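Visitor: Can you read through this structure? Questions will come right after.
Number of protein chains: 2
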Amino acid sequence: MLNLSRLRILHELNRSGTLAEVARVLNYTPSAISQQLSQLEREAGVVLLEKAGRRVRLTDQALMLVQHTEVILTQLELAEAELSVAQPQIRGTLRVASFQSVVLSLAPVALSVLAEIHPRLEVEITQREVAPAYDGLLAHEFDLIMGEEHPGVPEPVRAGVDRSVFTQDAMLLALPRQGPLSRRPSVLSDLADLPWALDPPNSTARRWADITCREAGFEPRVRFESPDPSLHVHLVRQGHAVAFLPGLMGSVLEGLQLVQLPGNPHRTLFTAVRSGRATHRAVEAFRQALAEVAQAESNLAPPPVIELK
Amino acid sequence: MLNLSRLRILHELNRSGTLAEVARVLNYTPSAISQQLSQLEREAGVVLLEKAGRRVRLTDQALMLVQHTEVILTQLELAEAELSVAQPQIRGTLRVASFQSVVLSLAPVALSVLAEIHPRLEVEITQREVAPAYDGLLAHEFDLIMGEEHPGVPEPVRAGVDRSVFTQDAMLLALPRQGPLSRRPSVLSDLADLPWALDPPNSTARRWADITCREAGFEPRVRFESPDPSLHVHLVRQGHAVAFLPGLMGSVLEGLQLVQLPGNPHRTLFTAVRSGRATHRAVEAFRQALAEVAQAESNLAPPPVIELK
DNA sequence: CTAAAACGTTAGCTCAGCTGATGGATGGTC
DNA sequence: GACCATCCATCAGCTGAGCTAACGTTTTAG
C-alpha cells in the first residue's frame with residue numbers, strides 16, 4: 538500500500554517545483570525529501586521523476602498520483618472538519634496568512650474576540666501578500682488566508698478553494714493637512730501634478746490605482762513605491778505624497794485629509810480555505826469573528842468630509 | 538493531519554469487532570492496536586470507542602471516520618491499479634483466497650501458466666471458504682477471492698466489490714462403480730434410499746443439494762458431512778456414499794460412475810476483488826489465466842455416460 | 001467459581017526516517 | 001569562459017515512533 542506522507546511530498550513537489558522548496562515548506566531537509574521520493578519511486582515501480590537541468594520533472598505517472606493524492610487529502614480534511622463539529626469546544630491551531638493592512642487593523646481585534654470565546658483555539662498569523670498566501674494555502678502551510686480584490690481587477694478564483702467575503706472596505710484618497718500638498722480637490726484630476734505613494738506594479742492595489750487615475754485623465758507621478766500601507770500613511774502625514782488608503786485603517790488615518798472617491802469604490806476583503814476545511818468549526822469561528830469585527834469597525838469609521846465628483 | 542494507518546486500524550475494527558481480531562488480521566499484537574487507537578482518539582479529540590462488555594463499540598464519530606477511510610482506501614487502490622498499468626511488467630504479490638475444489642483443480646494450473654507469462658508476479662493461495670474469504674477481502678487480507686454460486690441459491694453481492702464469473706461448472710452425481718451403492722438410476726429419486734456425502738448445512742452447496750433432492754421428492758440421508766469435496770470423492774470411490782461433485786475435479790473423478798443431473802445444472806465460479814483493484818494488471822492477468830485454464834479443463838472433461846431425466 | 005478471553009498499561013527494544021556532510025551537475029553572472 | 005550559487009543524490013549515524021512482551025483487570029461462559 539502506498540504511503541500517504543510520501544504521496545504528500547510528491548503532491549507538494551508538483552506545486553513547488555524543486556525538492557529544496559518542498560523541504561522548506563514541509564520543514565524537512567532536502568535530503569529527507571530526496572530519500573522519501575526515492576522510496577516512493579521504488580514502491581510505485583515506475584519512474585516518477587526525471588532530471589530537467591538542475592530541477593526535476595514529474596512524469597505522467599507521477600502527475601496521476603498527484604491527482605489521486607489531491608482527492609485523498611481533501612477527503613481527510615472533510616473528515617477532520619466533520620470531527621471538529623463533534624468536539625466539545627473548538628480547539629487546535631489555525632494557521633492564518635494575511636496581508637499587512639488587515640494585520641494592522643482587524644486581525645488583532647478578531648484574535649482578542651476569538652480568544653475570549655474559544656480559549657482552546659490557538660491562532661497563528663503570518664504576514665504574507667495575497668499571491669504567496671495562496672501558494673501557502675495549497676501547500677498546507679496555512680489553513681486560512683486573507684485576500685483582497687479591487688474594483689476592475691478581479692482575482693482569479695482557484696480550484697479546490699472556498700472563498701468567503703467578510704467585508705467591503707472603502708478606498709479613500711488621503712492628503713496632508715498642511716504643506717504644499719494640502720488641497721481641497723473637487724475632482725481627482727486636480728491632483729494630477731502631485732507626487733504619489735503607491736503599491737508596487739503588478740499588485741492588484743496598484744493596478745486599481747493606475748486604472749482610477751487613468752480614468753480621471755492622468756498618469757500618477759510615483760514618488761514612493763511600497764506594498765506597506767502604514768508607510769503610505771506616514772508619508773502622507775509628513776506631507777511627502779498623496780495616497781489611496783483603505784478606510785479600514787481607522788484611527789491610523791487620523792490627522793490626514795480624507796476624501797471620498799467618485800462612485801465611492803470599495804475593495805472586497807475575503808478569506809479563503811481549502812474546500813475540505815470550509816465547514817471546520819475553527820474556520821467558521823474565525824470567519825465569523827472577522828466579519829463581526831469588520832462590521833463594528835466600519836460603524837466606527839468617521840466619514841470623509843470631502844466628496845469628489 | 539489524521540494518520541492513515543491508524544484510520545485503517547479503526548476501519549478494520551469496525552469489521553472485526555474486537556481489537557484482538559484486528560491484531561490477528563493485520564499481523565500485530567493487540568497491544569499495538571490498543572495503543573494506536575488511543576493515539577487516534579487523542580488526535581481526533583473525540584471519543585471513538587466505548588466499552589461494551591469485554592468488547593468495544595464504535596461511536597458515531599468513529600463510524601463517520603470509517604466512512605471517510607473507506608473512500609480514501611479505495612482511492613489509494615485506484616492509484617495503485619493505475620500505476621500497475623504503467624509498470625513495464627506485472628510484478629508484486631497477489632494474495633488469493635480460494636475454496637478447496639478450485640485449489641485442487643484450476644488454481645495450481647493457473648499458477649503455472651501465470652508464472653510462465655509473468656515471472657515477477659508472486660501469487661499466494663490461501664484455502665478459505667467463500668464467506669470468510671469475503672471477510673478477508675474487505676479486511677485487505679486478500680487481494681482476490683474465489684466464490685461459487687449454485688442454481689437457486691444466490692450469493693448476496695457485497696458493496697465495494699467487483700465480481701467476475703470465470704466459468705460455469707457442471708454439477709454431477711457420483712456413484713461407486715462397485716458394491717451395494719452401485720446403480721444405474723434413471724431418475725434422481727432412484728437414489729432416495731442411499732447414504733449421501735454432503736456439505737455442511739448453511740453452505741451454499743448444501744442448500745443447493747437439499748433443494749435438488751427435495752425437488753426429486755426425497756430428503757437425502759446424510760452419512761458424511763464435510764466441506765471437503767476430495768473427501769467426498771474418496772467416500773464414493775470406497776463405496777460408502779453417493780455425492781454431488783463438480784465436473785471441474787476432472788481426473789480425480791476417474792473410477793467413479795458419473796451421472797448428468799436433470800437440466801444439467803451448473804455452479805457459477807467467480808472471482809471478486811475490492812472495486813478499486815478491478816483494473817489492476819495483476820488482477821486482470823490472474824482472472825484471464827484462470828478463465829483460460831477453466832476453458833481448457835472443460836474441453837478435456839469426459840462427458841458423463843448416463844443422463845437423468 | 002473457575003477458566004478463558006478481551007482490553008489497557010508499562011517497560012524496553014528496534015528500525016524507519018531524519019539530519020548533516022560530501023560530491024557532482026547545472027545555469028546565471030561578470 | 002571562469003566562477004559561484006543552487007540543486008539533487010548518497011552515505012553514515014542518530015533518534016523517537018511504534019512495536020513486542022508481560023502483567024493486571026474486567027467480563028462472560030460453563
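Line by line, the protein sequences are chains A and B. Start counting the first sequence at 538; every next residue gets the next number (my numbering). Start counting the second sequence at 538; every next residue gets the next number (my numbering). All residues carry an ideal CB built from backbone N, CA and C; glycine is no exception. Being a predicted model, the structure only gives us computed values, none of them experimental.
Taking the Cβ atom as the reference point for each residue, do Leu547 (chain B) and Leu574 (chain B) lie within a distance shorter than 8 Å?
Guide: A contact, by the Cβ cut-off of 8 Å.
Visitor: Which value, in whole angstroms, describes the spacing of the CA atoms of Leu613 (chain A) and Thr596 (chain A)?
Guide: Cα to Cα, the separation comes out at about 25 Å.
Visitor: Give me the chain B residues within the contact set of Ile609 (chain A), using Cβ-Cβ distance strictly less than 9 Å, ordered along the chain.
Guide: Within chain B, the residues near Ile609 (chain A) are Leu541, Val608, Ile609, Gln612, Leu613 and Ala616.
Visitor: Could you tell me whether any Cβ in chain A is nearer than 8 Å to the Cβ of Ala753 (chain B)?
Guide: Not an interface residue.
Visitor: Cα separation between Ser649 (chain A) and Thr555 (chain B)?
Guide: Distance between the alpha carbons of Ser649 (chain A) and Thr555 (chain B): 46 Å.
Visitor: Could you tell me whether the Cβ atoms of Thr741 (chain A) and Val698 (chain A) are closer together than 8 Å?
Guide: No.
Visitor: Would Ala581 (chain B) pass as an interface residue toward chain A - the criterion being a Cβ-Cβ separation below 8 Å?
Guide: Cβ-Cβ to chain A under 8 Å: yes for Ala581 (chain B).
Visitor: Just to confirm before moving on: does the CB-CB distance between Leu710 (chain A) and Leu731 (chain A) stay below 8 Å?
Guide: Contact flag unset, no.
Visitor: Roughly how many angstroms lie between the CA atoms of Ser767 (chain B) and Arg714 (chain B), to the nearest whole one?
Guide: Computed Cα separation, rounded: 17 Å.
Visitor: Tell me whether the beta-carbon of Ala729 (chain A) lies closer than 8 Å to the beta-carbon of Phe703 (chain A).
Guide: No; because the gap between Cβ atoms is not below 8 Å, this pair is not in contact.
Visitor: Does any CB atom of chain A fall closer than 8 Å to the CB of Gln573 (chain B)?
Guide: It does not; no Cβ of chain A falls within 8 Å.
Visitor: For Leu798 (chain A) versus Val759 (chain A), is the C-beta spacing smaller than 8 Å?
Guide: Cβ atoms of Leu798 (chain A) and Val759 (chain A): not closer than 8 Å.
Visitor: Evaluate the contact criterion for the segment 671 to 690 of chain A versus the segment 788 to 797 of chain A: three or more CB pairs, one atom per stretch, below 8 Å.
Guide: Judged by Cβ distances under 8 Å, the segment 671 to 690 of chain A makes no contact with the segment 788 to 797 of chain A, as fewer than three pairs qualify.
Visitor: By the three-class DSSP mapping on this structure, what secondary structure does Asp706 (chain A) have?
Guide: Strand at Asp706 (chain A).
Visitor: Is the beta carbon of Ala822 (chain A) less than 8 Å from the beta carbon of His655 (chain A)?
Guide: Cβ atoms of Ala822 (chain A) and His655 (chain A): closer than 8 Å.
Visitor: Can you grab the Cα-Cα spacing for the pair Leu550 (chain A) / Gln572 (chain A), in whole Å?
Guide: Rounded to the nearest angstrom, the two C-alpha atoms are 13 Å apart.
Visitor: May I ask you to report which of helix, strand or coil DSSP gives Ser719 (chain B)?
Guide: Coil at Ser719 (chain B), not helix or strand.
Visitor: Should Ala581 (chain B) go down as buried or exposed, given a rule of 16 or more other Cβ atoms within 10 Å for buried?
Guide: Counting Cβ neighbours within 10 Å, Ala581 (chain B) comes out buried, since at least 16 surround it.
Visitor: Let me confirm a value: Thr808 (chain A) is counted as buried when at least 16 other C-beta atoms fall within 10 Å, else exposed. Which label applies?
Guide: Buried, since its Cβ has 16 or more Cβ neighbours within 10 Å.
Visitor: State yes or no: is the C-beta of Arg811 (chain A) within less than 8 Å of the C-beta of Glu685 (chain A)?
Guide: Result no, Cβ atoms of Arg811 (chain A) and Glu685 (chain A) do not sit closer than 8 Å.
Visitor: What residues from chain B crowd round Ala623 (chain A), counting only those whose CB sits closer than 7 Å?
Guide: Near Ala623 (chain A) (Cβ distances below 7 Å), the residues of chain B are Val583 and Gln598.
Visitor: Taking C-beta to C-beta, are Ala676 (chain A) and Arg814 (chain A) nearer than 8 Å?
Guide: Not in contact: Ala676 (chain A) and Arg814 (chain A) (Cβ atoms no closer than 8 Å).
Visitor: Based on DSSP bridge pairs, tell me the residues matched to Phe807 (chain B).
Guide: B:Gly684 and B:Val702, per the DSSP bridge assignment.
Visitor: Compare the C-beta of Met601 (chain A) with all C-beta atoms of chain B and state if any pair is closer than 8 Å.
Guide: Output row for Met601 (chain A): interface = yes.
Visitor: Ends of the alpha helix (DSSP H) at Gln637 (chain A)?
Guide: Counting along the chain, the alpha helix (DSSP H) containing Gln637 (chain A) begins and ends at Gln637 to Leu641.
Visitor: Can Ala707 (chain A) and Gly800 (chain A) be called in contact, C-beta distance under 8 Å?
Guide: Their beta carbons are not under 8 Å apart, which means Ala707 (chain A) does not touch Gly800 (chain A) by this criterion.
Visitor: Whose C-beta lies closer than 8 Å to the C-beta of Ser642 (chain A) among residues of the same chain, with five residues either side of it excluded?
Guide: Excluding residues within five positions, the ones whose Cβ falls inside 8 Å are Leu785, Met786, Gly787, Val789 and Glu834.
Visitor: When you compare the CB of Met538 (chain A) with every CB in chain B, is at least one pair closer than 8 Å?
Guide: Yes, Met538 (chain A) lies at the interface with chain B (some Cβ there is under 8 Å from its Cβ).
Visitor: Round the Cβ separation of Leu658 (chain A) and Ala819 (chain A) to the nearest angstrom and send it over; I've been treating them as touching at under 8 Å.
Guide: With 8 Å as the limit, Leu658 (chain A) and Ala819 (chain A) qualify as a contact, their Cβ atoms being about 6 Å apart.
Visitor: Let me see if you follow: with CB-CB separation under 8 Å, is Glu678 (chain B) close to chain A or not?
Guide: No, Glu678 (chain B) lies away from the interface with chain A (no Cβ there is under 8 Å from its Cβ).
Visitor: Any Cβ of chain B within less than 8 Å of the Cβ of His817 (chain A)?
Guide: No - not a single Cβ of chain B is within 8 Å of the one on His817 (chain A).
Visitor: Taking the alpha-carbon of Glu762 (chain A) as reference, which of A:Asp747, A:Arg751, A:Glu752 and A:Ala753 has the nearest alpha-carbon?
Guide: Per the Cα distances, A:Asp747.
Visitor: Exposed or buried, which one is Leu837 (chain A) when buried takes at least 16 other CB atoms within 10 Å?
Guide: Exposed.
Visitor: Name, in chain order, the residues that DSSP records as bridge partners for Val660 (chain B).
Guide: Paired residues: B:Leu631.
Visitor: Helix, strand or coil: how does DSSP classify Glu584 (chain B) here?
Guide: Here the sequence assigns Val to residue 584 (chain B), which means Glu is not the residue at that position. Here Val584 (chain B) sits in coil by DSSP.
Visitor: Give the interface partners of His605 (chain A) over in chain B, defined as CB-CB distance under 8 Å, in chain order.
Guide: Chain B residues near His605 (chain A): Gln612, Leu613, Leu615, Ala616 and Glu619.
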